[in-house]
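Going down the list, the protein sequences come from chains A and B. First residue of the first sequence? That's 1 in the working numbering, and the numbers climb one at a time after it. First residue of the second sequence? That's 615 in the working numbering, and the numbers climb one at a time after it. Glycine included, C-beta positions come from ideal geometry on N, C-alpha and C. Take a look at the structure below.
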Amino acid sequence: MSAHARSLTRLLLPVALLALTQVLLQPAAAEDLSAIDWVTNHDDPPIGDPVAKKGGTFYTSMTSYPLTLRVVGPNSNDAFAGWKRAYTMSFSLVMRHPTTDNYIPMMATHWLVQSDGRTIYYKLDPDARWSDGQPLTAADYVHTWHMLQSENIVDPSFNQYARDYYEEVVEVEPYVLKVVGKVESWRPLDMFDIWATPKHAVTLEEGFPERYNSAVLPVQGPYVLTEQVVGQYVVFSRLEDWWGRDKHYMQGMYNVDQIHIRVIDDNDRAFDFFKKGELSYYTVNTAKKWAEEMDFDAIRKGWAHRKRLFVDYPQGVYGFAMNLEKPIFQNKDFRKAVQHLFNFDEINTKLMSSAYYQQVSAFTGTEYENRDLVPYGFDPRKARAHLQAAGYKKRGDDGILVNAEGQRASFTLSYGSKGLERHMTVVKQTFQRFGVEMDLRLLEPGTAFRNGLEREYEMTIMSRTSGLYPSPYQYFATELKQTKNNNNVWAYGTAHTDSLIDVYRFDTDKQHRVAAMYELDAIIQDEAFYVPFWQAPFMRFLYVDSLVFPASFFPKRTQGMTDWQVFWIDADRDTRLQEAMAAERSLGEDTVVDVDPYLVKDRIEAALRAAAAR
Amino acid sequence: MMRWRLNPITRKRLQRFRRIRRGFYSFAVLLTLTVVSLFSNFLANRRAIVVSYEGTLYFPTFQYHDMATFAQQDEYGFDDVEADYLSLQVRFAADESNNWVLMPPVPFDPYEPDFDYAEPPPNAPDSRHWFGTDSQGRDVLARLLYGFRISILFAVTLVFVGQVSGTAIGSLQGFIGGRFDIYSQRFIEVWSTLPFLYVVILLATFFKPGFLLLLAIMALFEWIRMTYYMRTEMYREKTKEYCLAARSFGASRGRLIFRHLLPNCLTPLVTITPFAVVGAISALTALDYLGYGLPAPTPSWGEMIDQALASQNRDKLWLSIAPFSAISITLLLVTLIGESIREAFDPKQYAQYR
């Protein structure tokens, strides 16, 4: 730097500082909004089908009566929370279109992400109203932020969330909101989304959990809780004059007049209720039931339909995790031997009615999934070669392999899911046949989960859901290897994988990110500390004939029935159904079971075929 | 050393027990079953009992022999995996050699899945699996048999430990009395309110669960019941004239307890023990059913019931008939024994007017 330039700096510095002070001292409301080049999107198709009709009652069930109507605080994360969030309380400012993945307006009509990747301005929809008629403004969002920070909500995980995610949430103008995230992100609209809480109805003083435990608060969504009989059922009713009813993306959504949710503690009993026609919809959650119990009267007579809808949703991490801190798994050959001894096909055909697909990638179902990976596959010969390379060359007296130091090829699998015990005993027998001993240890689910985070295990079953975008940092960062209580349960990480993760996290060029993640995915597979289990990229459900769905049923990114209410009840079909049921008359069986509008099944089966061919 | 000579009353009680036929026969049947079950490894096992091969006798029941031993190979060309005795039997029968294999009556162990059926498990009973297979393809009869052995051994050991320590502690409480009795009784009250199931779950997170650990945990709670009875018995007996007489003759404490008091306090011990066995079997079954008992894949009745009650198995009757009848029969036998003992020891029997 030349002397001239330096003196200029000296001159300008106080001026710059002064300007900065002025900016900082300016009241928030005085921010210059005219310069903001707002972004919006009206070009995507509506989520639902615009021909949907309003009306009717939708009958469904839940396994236990909700302990609270709050969405934060103790007990607020039960199954009922799904209903509350989806239909009454937690609407996004900007959301992703569940089929196109583009951002679309919801509570905010426009938005703008600043170049820092963490400051977002939202222009709120001036039409938005609380169900009690009060306007919904930026102050309600700031209120949520304050609520999440408050100790009085007695919800440490939300407190933590508020600390980790939000730098500040500011009311710039009554209808302009500014959210500043904690860290830079290339998808700040997903990361720093926040919902509104009615400021005029919710105070944050001490006693929050008790005060709002069963309070029916004003809602922003299309449904309001109108009836609750403790222990038996709750009813949501549709607001006829809901402010969002005619918005472009809401066309054809939220159609039924009432949602009647009955408490049926046992899933099989709920199935019986469905067979009798007392529920409108039923989710089939086991392969066995799907394979063996779907041939009942209502299906044969066409009063009910069964569908297996293939959806495209990230599958998360699901499989055996080996702890690299334990000596036995520090040997890569031993890890690879375990991979080759895991007989997915046998488990799938013999125990799961061939219903599932093997996972290969650590990022299955996301656009960062490396589809070129070939599964290890069950191969005792390769397994034996690896075992020998690992030093396990001869069998001990009990038939378990031992190495030169006399150590047995034996480890303990700790797991928290009793439902998987069936599969694990079969895996154990296969391992044993080839000289590897796997002891089974069932733990209370909470303990198993915590032991995983604390790396207090040799092998465990790892099960985590994933968002639309994988988060490799939390699973594979070297930084997390040094500490405990995180999702890097395997204690893996190298300087090279860290650099790949950094590319994914910070590089704004998508091609670079994809390339880095493909490489990371391949490295994870080669390191062999994660034995992926299976994936179920579909929803299996039954519904009564009076219920009508759009042509592609649910949007592409659907995980559960509560996600998107796009179905409706057709009054004429309902009459026809009632008559047919009364007269024991058949409507003709619906024989189309598999629906694959997003070509997910095609893709997965093609990939498996290609891998098998290699 | 103490020597208990059976006093005439006790002898009379035993005779009476022998005369109550349902009790006596139940006892005989249960004893036989128990003894037989000790030899489960020779009754249900995929390892042969004896193999005669090339002039050498092999006894593989407790010994691992690989395929190479009998010139076998599996489908991957491996010969170091465990020998397959069933196919060995078929081979020897076909090749007309002097080699032979003696298989157990049930040639399956309770662990190995049998996936040789076209249909996925559970498979209905047939000539291969007399009681069918469970949802992992394992032989139900083998699991039932091994499950019985585990249940009965567990229950008898647990009850033995519990009754002996309970009797000792309860007797001391009653005999010493005073402050010792008050404090120990308060301790027992506190101890007995500990939620047993939670303690089991908690300890299972720290220690690797197994037969002995589970036994130890349950024994921590098993002794309590017996103390109540023995304490009151002691309190009552020690004030009786025969005890005072012995004391006035200068009998030592040990003699007093073992020679005079204990034999007269034994009625509750004897009558409660069979019902304690029932309780212990039920408790183990319940724990296994919940998944906090013996670790998988230990054959256990509780786990079998769990499978039988699973929704997808509701129409697989053989899965429920086997464990339910086994449990009912066992508990019935034990209860009949207990009932007969109680009757034999009933003081009303000795009333003059009978």
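Item to check | Pair within 8 Å by beta-carbon distance, leucine 772 of chain B and serine 651 of chain B | outcome: Sequence index remark: in the second sequence, residue 772 of chain B carries index 158 (1-based). Sequence index remark: in the second sequence, residue 651 of chain B carries index 37 (1-based). Not a contact, by the Cβ cut-off of 8 Å.
Checklist entry - Would you call arginine 633 of chain B buried or exposed, if buried means 16 or more other Cβ atoms sit within 10 Å of its Cβ? => result By 1-based counting over the second sequence, the position of residue 633 of chain B is 19. The residue in question, arginine 633 of chain B, is exposed, as its Cβ has fewer than 16 Cβ neighbours within 10 Å.
Checklist entry - Less than 8 Å separating the beta-carbons of tryptophan 490 of chain A and tyrosine 530 of chain A? => result Counting from 1 along the first sequence, the entry for residue 490 of chain A is found at position 490. Counting from 1 along the first sequence, the entry for residue 530 of chain A is found at position 530. It is a contact, given that the beta carbons lie within the stated cut-off.
Checklist entry - Under the rule that 16 or more other beta-carbon atoms within 10 Å means buried, what is histidine 679 of chain B, buried or exposed? => result Here residue 679 of chain B refers to the residue found at position 65 of the second sequence. Its Cβ being crowded by 16 or more others within 10 Å, histidine 679 of chain B is buried.
Checklist entry - Which residues mark the beginning and the end of the alpha helix (DSSP H) in which tryptophan 744 of chain B is found? => result Counting from 1 along the second sequence, the entry for residue 744 of chain B is found at position 130. Here tryptophan 744 of chain B belongs to no alpha helix (DSSP H), and DSSP marks it neither H nor E.
Checklist entry - Curious, which full-length alpha helix (DSSP H) runs of at least 4 residues does the stretch 403 to 471 of chain A contain? => result 421 to 433, 445 to 453
Next on the checklist: List, in chain order, every chain A residue whose beta-carbon is nearer than 7 Å to that of lysine 930 of chain B.
Outcome noted: Working through the second sequence from its first residue, we reach residue 930 of chain B at position 316. Within 7 Å Cβ-Cβ: nothing; lysine 930 of chain B doesn't reach chain A, min ~10 Å.
Item to check | Contact residues within the stretch 911 to 928 of chain B, judged by C-beta distance below 7 Å to chain A | outcome: Pro911, Ser925, Gln926
Checklist entry - Any idea if tryptophan 243 of chain A is buried or exposed, counting beta-carbon neighbours within 10 angstroms, 16 or more meaning buried? => result Taking the first sequence and counting its residues from 1, the one referred to as residue 243 of chain A is at position 243. Label assigned to tryptophan 243 of chain A: buried.
Next on the checklist: Going by DSSP, what residue range makes up the alpha helix (DSSP H) through tyrosine 812 of chain B?
Outcome noted: Here residue 812 of chain B refers to the residue found at position 198 of the second sequence. Here the alpha helix (DSSP H) through tyrosine 812 of chain B covers 810 to 820.
Checklist entry - Any chance the stretch 292 to 300 of chain A sits against the stretch 750 to 765 of chain B, with 3 or more Cβ pairs inside 8 Å? => result no
Checklist entry - Roughly how many whole angstroms lie between the Cα atoms of glutamine 26 of chain A and glutamine 160 of chain A? => result Taking the first residue of the first sequence as position 1, residue 26 of chain A is located at position 26. Taking the first residue of the first sequence as position 1, residue 160 of chain A is located at position 160. Caution applies to glutamine 26 of chain A, whose pLDDT of 45 falls short of 50 and renders its modelled position unreliable; the model cannot decide the point.
Checklist entry - Given that a residue counts as buried once 16 or more other Cβ atoms are within 10 Å of its Cβ, and exposed if not, what is threonine 853 of chain B? => result Stepping through the second sequence from its first residue, residue 853 of chain B is reached at position 239. Answer is exposed; the Cβ neighbour count stays below 16.
Checklist entry - From A:Thr508, A:Phe334, A:Ala52, pick the residue whose C-alpha is nearest to that of glutamine 251 of chain A; which is it? => result What you label residue 251 of chain A is simply residue 251 of the first sequence in a count that begins at 1. Nearest to glutamine 251 of chain A by C-alpha distance, out of A:Thr508, A:Phe334, A:Ala52, is A:Ala52.
Checklist entry - Can you tell me whether DSSP reads histidine 97 of chain A as helix, strand or coil? => result Counted from its first residue, the first sequence places residue 97 of chain A at position 97. Here DSSP, grouped into helix, strand and coil, assigns histidine 97 of chain A to coil.
Item to check | Best match in A:Thr283, A:Leu401, A:Val256 for proximity to glycine 48 of chain A [C-alpha to C-alpha] | outcome: The residue given as residue 48 of chain A occupies position 48 in the first sequence. When each option's Cα is compared against that of glycine 48 of chain A, the closest is A:Val256.
Checklist entry - Residues in the stretch 817 to 830 of chain B with C-beta within 9 Å of chain C's C-beta atoms, listed in sequence order? => result The chain inventory of the structure shown lacks chain C, comprising the protein chains A and B.
Checklist entry - Do glycine 916 of chain B and aspartate 902 of chain B have their C-beta atoms within less than 8 Å of each other? => result Taking the first residue of the second sequence as position 1, residue 916 of chain B is located at position 302. Taking the first residue of the second sequence as position 1, residue 902 of chain B is located at position 288. Cβ distance < 8 Å, so glycine 916 of chain B and aspartate 902 of chain B count as in contact.
Checklist entry - Name the chain B residues that come within less than 7 Å of arginine 381 of chain A, Cβ to Cβ? => result By 1-based counting over the first sequence, the position of residue 381 of chain A is 381. Per Cβ cutoff of 7 Å: Tyr690.
Checklist entry - According to a CB-to-CB cut-off of less than 8 Å, which residues of the stretch 726 to 738 of chain B neighbour chain A? => result Glu726, Pro727, Phe729, Pro734, Pro735
Item to check | Residues bridged to tyrosine 318 of chain A [DSSP beta-bridge criterion] | outcome: In the first sequence, counting from the first residue as 1, residue 318 of chain A sits at position 318. Tyrosine 318 of chain A is bridged to A:Ser463.
Next on the checklist: Against phenylalanine 554 of chain A, what residues of chain B qualify as contacts under a CB-to-CB distance less than 8 Å, listed in chain order?
Outcome noted: Locating residue 554 of chain A in the first sequence gives position 554, where the first residue counts as 1. Taking a Cβ-Cβ cut-off of 8 Å, phenylalanine 554 of chain A has no neighbours in chain B, whose nearest Cβ is about 26 Å from it.
Item to check | serine 749 of chain B: contacting residues in chain A (beta-carbon distance under 8 Å) | outcome: Here residue 749 of chain B refers to the residue found at position 135 when the second sequence is read from its first residue. Simply Leu351, Arg422.
Next on the checklist: If we require 3 or more residues per run, which beta strand (DSSP E) segments fall completely within the stretch 40 to 91 of chain A?
Outcome noted: You should have 57 to 62.
Item to check | Where glycine 181 of chain A falls: helix, strand or coil (DSSP) | outcome: In the first sequence, counting from the first residue as 1, residue 181 of chain A sits at position 181. Reduced to three states, the DSSP call for glycine 181 of chain A is strand.
Item to check | Bridge-paired residues (DSSP) for tyrosine 598 of chain A | outcome: Position 598 of the first sequence holds residue 598 of chain A. DSSP lists no partner for tyrosine 598 of chain A.
Checklist entry - Considering only residues of the stretch 325 to 407 of chain A, which uninterrupted alpha helix (DSSP H) runs meet the minimum length of 4 residues and lie entirely inside it, listed in chain order? => result 332 to 341, 344 to 351, 380 to 389
Checklist entry - For the stretch 800 to 817 of chain B, which residues have a CB atom closer than 8 Å to at least one CB atom of chain A, in sequence order? => result If the cut-off is 8 Å between Cβ atoms, the stretch 800 to 817 of chain B has Ile815 near chain A.
Checklist entry - For proline 616 of chain A, does the count of other Cβ atoms within 10 angstroms reach 16, so buried, or fall short, so exposed? => result Residue coverage of chain A in this structure runs from 1 to 614, which leaves residue 616 of chain A outside it and unanswerable.
Checklist entry - According to DSSP, is leucine 204 of chain A helix, strand or coil? => result Counting from 1 along the first sequence, the entry for residue 204 of chain A is found at position 204. In the three-state reduction of the DSSP assignment, leucine 204 of chain A falls in the coil class.
Checklist entry - Between which two residues does the alpha helix (DSSP H) harbouring glutamine 677 of chain B extend? => result Counted from its first residue, the second sequence places residue 677 of chain B at position 63. Looking at the DSSP string, glutamine 677 of chain B is not in any alpha helix (DSSP H), and its letter there is neither H nor E.
Checklist entry - Using a Cβ-Cβ cut-off of 8 Å (strictly less than) and excluding sequence neighbours within five positions of proline 537 of chain A, which residues of its own chain qualify? => result In the first sequence, the residue the question calls residue 537 of chain A occupies position 537. Within the same chain, proline 537 of chain A has close Cβ partners Phe310, Val311, Asp312, Tyr313, Gln315, Tyr357, Gly365, Val600, Lys601, Ile604.
Item to check | Residues within the stretch 695 to 709 of chain B neighbouring chain A, beta-carbon criterion of under 9 Å | outcome: Val695, Glu696
Item to check | the stretch 275 to 309 of chain A: positions lying closer than 8 Å to chain B by Cβ | outcome: Thr286, Lys288, Lys289, Glu292, Glu293
Checklist entry - In this structure, does DSSP put phenylalanine 615 of chain A in helix, strand or coil? => result Since the first residue of chain A shown is 1 and the last is 614, residue 615 of chain A is not available in this structure.
Next on the checklist: On a Cα-Cα basis, can you pick out the residue from A:Ala390, A:Leu420, A:Arg422 that is closest to glutamine 407 of chain A?
Outcome noted: In the first sequence, the residue the question calls residue 407 of chain A occupies position 407. Comparing alpha-carbon positions, the option among A:Ala390, A:Leu420, A:Arg422 lying closest to glutamine 407 of chain A turns out to be A:Ala390.
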